[in-house]
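These notes concern the structure reproduced below.
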Amino acid sequence: MRPIIPDYLAEVLRDVESDTSGEPAGYIPELAAADPDRLGAAFAMLDGEVYGAGDIDTEFTIQSISKPFVHALALADHGFAPVLAKVGVEPSGEAFNEISLETGTGRPRNPMINAGAITVHSLAGAEDLTPEQRVERVRQGLSAFAGRRLTMDDAVCASEMEHAHRNLAIAHMLRSHDVLTKDPEAVVEGYTRQCSVLVTTRDLAIMAATLANRGTNPLSGEQVVPEPVVRQVLSVMFSCGMYDAAGDWATQVGIPAKSGVAGGLIGALPGQIGIATFSPRLDRHGNSVRGVSLFERFSSDMGLHVMETPAAARAVVRSHHVVGSGPDAPRVLQLQGGIGFAGAERVVQEAMTIPPSDTRVALDLTLVHSIDDVARRVLLEVARRLTLSGHDVYLVDPESAMADPDPGDGGRVTVVNTMDQVVNPTRDDLTRTGLRAAGRPGPRS
Ligand code: GLN
Numbered sequence: 002m003r004p005i006i007p008d009y010l011a012e013v014l015r016d017v018e019s020d021t022s023g024e025p026a027g028y029i030p031e032l033a034a035a036d037p038d039r040l041g042a043a044f045a046m047l048d049g050e051v052y053g054a055g056d057i058d059t060e061f062t063i064q065s066i067s068k069p070f071v072h073a074l075a076l077a078d079h080g081f082a083p084v085l086a087k088v089g090v091e092p093s094g095e096a097f098n099e100i101s102l103e104t105g106t107g108r109p110r111n112p113m114i115n116a117g118a119i120t121v122h123s124l125a126g127a128e129d130l131t132p133e134q135r136v137e138r139v140r141q142g143l144s145a146f147a148g149r150r151l152t153m154d155d156a157v158c159a160s161e162m163e164h165a166h167r168n169l170a171i172a173h174m175l176r177s178h179d180v181l182t183k184d185p186e187a188v189v190e191g192y193t194r195q196c197s198v199l200v201t202t203r204d205l206a207i208m209a210a211t212l213a214n215r216g217t218n219p220l221s222g223e224q225v226v227p228e229p230v231v232r233q234v235l236s237v238m239f240s241c242g243m244y245d246a247a248g249d250w251a252t253q254v255g256i257p258a259k260s261g262v263a264g265g266l267i268g269a270l271p272g273q274i275g276i277a278t279f280s281p282r283l284d285r286h287g288n289s290v291r292g293v294s295l296f297e298r299f300s301s302d303m304g305l306h307v308m309e310t311p312a313a314a315r316a317v318v319r320s321h322h323v324v325g326s327g328p329d330a331p332r333v334l335q336l337q338g339g340i341g342f343a344g345a346e347r348v349v350q351e352a353m354t355i356p357p358s359d360t361r362v363a364l365d366l367t368l369v370h371s372i373d374d375v376a377r378r379v380l381l382e383v384a385r386r387l388t389l390s391g392h393d394v395y396l397v398d399p400e401s402a403m404a405d406p407d408p409g410d411g412g413r414v415t416v417v418n419t420m421d422q423v424v425n426p427t428r429d430d431l432t433r434t435g436l437r438a439a440g441r442p443g444p445r446s
């Protein structure tokens with residue numbers, strides 16, 4: 002069988018190819034000289050599989066797509082409070098290069114606009130690094146996100162530095178407010194070098210997939226930044242990543258994203274996919290024209306909007322039935338899938354319908370692959386309350402989906418491997434297959 006996704010990608014690229022509206026970034030002469038017809042798109046799945054079509058191995062400069070990643074490095078290197086003290090997380094609704102700072106504090110509104118990103122650059126790596134060492138920390142950090150050693154385009158960097166008056170003005174303003182504590186010119190130079198890191202569309206898809214994969218690079222397996230950092234960065238991308246088009250993007254596409262003026266665009270859909278596109282002609286916001294069209298297509302064709310989620314909660318209770326008949330017949334709640342808060346709440350509702358006369362109750366977790374922390378606490382509380390109402394509670398949990406199954410305070414569960422052990426609880430059977438009672442360590446087979 003031929004793979005399906007590259008064919009789909011090629012088809013979508015053909016559909017947007019004829020759109021030659023927009024212009025490559027003019028304010029960086031080297032970028033203005035780039036081939037405007039380049040076009041590529043790549044999907045990186047969380048197991049490291051990459052699908053692509055078009056120019057996915059052409060290198061171009063990362064530009065503003067570096068901003069969320071360097072924000073992640075700064076948060077990982079310093080913790081949240083020192084970074085938040087310097088840069089906010091409020092959408093500005095303004096252009097990426099707007100010279101605007103929060104009144105009073107002088108803080109940039111968010112790390113996605115240049116004022117914020119210039120400040121964040123100065124926060125990457127340890128406080129006492131030299132400007133060169135800081136650039137190296139950034140290059141190495143971006144490389145870890147990409148899963149390969151990235152280099153810089155000195156020509157693009159020099160070209161931007163020659164015309165960097167606006168970014169220099171922003172940096173001097175930041176310095177006057179003591180938001181920047183380092184030499185503003187060295188910081189702008191470092192930030193501009195950060196923007197000149199060379200990537201391919203394939204690299205960007207992997208970098209986005211690393212964010213989608215809770216900070217673990219799907220190729221190298223390296224945990225590049227901690228999970229709370231990823232949550233923070235994706236949230237900021239969602240609200241601020243597309244500058245003054247962020248609201249349109251959030252409603253139409255609904256994927257945390259970031260654009261760059263060289264024509265790159267990434268989207269990271271948590272738990273699912275990293276997406277990257279490349280097409281240098283930009284709209285008036287500085288976002289790639291064909292990139293935006295591609296993302297609109299991807300989102301609607303594949304239901305990738307973050308606010309569109311499957312009705313998972315209802316499906317958690319696969320069946321609720323009684324096995325056999327008579328006073329000892331066990332009542333079974335068969336659960337399935339991944340259980341979070343809403344799924345656990347379904348189980349509470351089901352459990353409340355159990356008649357007091359049915360003494361034996363089994364929660365069958367055989368088809369459950371994950372139980373998050375809140376769901377675990379709710380399910381154990383269900384078990385505890387059932388015990389207190391006089392039921393004997395069993396957990397059928399052959400894969401130990403329930404961590405530490407101790408309901409505490411008067412609750413008691415008997416953990417078994419198969420429903421059969423609940424139906425025919427012979428002493429032999431229980432010892433042979435490893436009965437574990439809550440709170441007491443027992444063999445797990
Ligand atoms: N280096 C560019 C700048 O500072 C990045 C802007 C962007 O990609 N939006 O102007």
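Residue numbers 2 to 446, in this note's numbering, belong to the letters of the sequence shown in order. No residue lacks a Cβ here, since even glycine has one placed at the ideal position from N, Cα and C. Quantities reported herein were computed from a predicted structural model and do not represent experimental measurements.
Item to check | With 16 other Cβ atoms within 10 Å as the buried cut-off, status of D20 | outcome: exposed
Checklist entry - Using a Cβ-Cβ cut-off of 8 Å (strictly less than) and excluding sequence neighbours within five positions of E351, which residues of its own chain qualify? => result V318, H321 and L334
Checklist entry - Helix or strand or just coil, what does DSSP make of K183? => result coil
Checklist entry - Bridge partners of Q141, per DSSP? => result Q141 pairs with nothing; no bridge assigned.
Item to check | Under 8 Å between C-beta atoms of P112 and V136 | outcome: no
Checklist entry - In the DSSP assignment, what are the bridge partners of V84? => result Answer by DSSP bridge pairing: none, since V84 is not bridged.
Checklist entry - Using the C-alpha atoms, what's the distance from E190 back to Q134? => result 13 Å
Item to check | G216 versus H392 - alpha carbon distance | outcome: 43 Å
Checklist entry - Over what stretch of residues does the beta strand (DSSP E) that includes T415 continue unbroken? => result V414 to V417
Checklist entry - Between the segment 41–55 and the segment 92–110, are three or more C-beta pairs nearer than 8 Å? => result no
Checklist entry - My guess is that S294 and V121 are in contact by the Cβ rule of under 8 Å, so how many angstroms apart are they, rounded? => result In fact, because the Cβ distance is near 30 Å, the residues do not count as touching under 8 Å.
Item to check | Endpoints, the beta strand (DSSP E) within which F279 is located | outcome: I274 to F279
Next on the checklist: With DSSP as the reference, identify every bridge partner of R447, one or two as the case may be.
Outcome noted: Outside the shown range of the chain (2 to 446) lies residue 447, about which nothing can therefore be said.
Checklist entry - Should P281 and G261 be called a contact, given that it needs their Cβ atoms to be closer than 8 Å? => result no
Checklist entry - Which residues share a DSSP beta bridge with G362? => result The sequence shown places Val at residue 362, rather than the Gly named in the question. DSSP lists R332 and V394 as partners of V362.
Next on the checklist: Does the contact criterion of 3 or more C-beta pairs under 8 Å hold for the segment 57–74 versus the segment 189–206?
Outcome noted: yes
Item to check | Nearest residue (CA-CA) to G107, options Q422, A86, V13 and E12 | outcome: A86
Checklist entry - Where does F299 fall in DSSP's three states? => result helix
Checklist entry - Would you report the Cα separation of R167 and N115, rounded to the nearest angstrom? => result 10 Å
Next on the checklist: Can you determine whether any heavy atom of the ligand GLN sits closer than 7 Å to the C-beta of Q64, and answer yes or no?
Outcome noted: yes
Checklist entry - Which of the three DSSP states, helix, strand or coil, is assigned to F97? => result coil
Checklist entry - Excluding five sequence neighbours on each side, which residues of the same chain lie with their C-beta closer than 6 Å to the C-beta of A345? => result A376, V379 and L380
Item to check | Beta-carbon spacing of G248, I256 below 8 Å | outcome: no
Checklist entry - Given F342, which residues of its chain have a CB within under 8 Å of its CB, disregarding the five upstream and five downstream residues? => result D373, V375, A376 and V379
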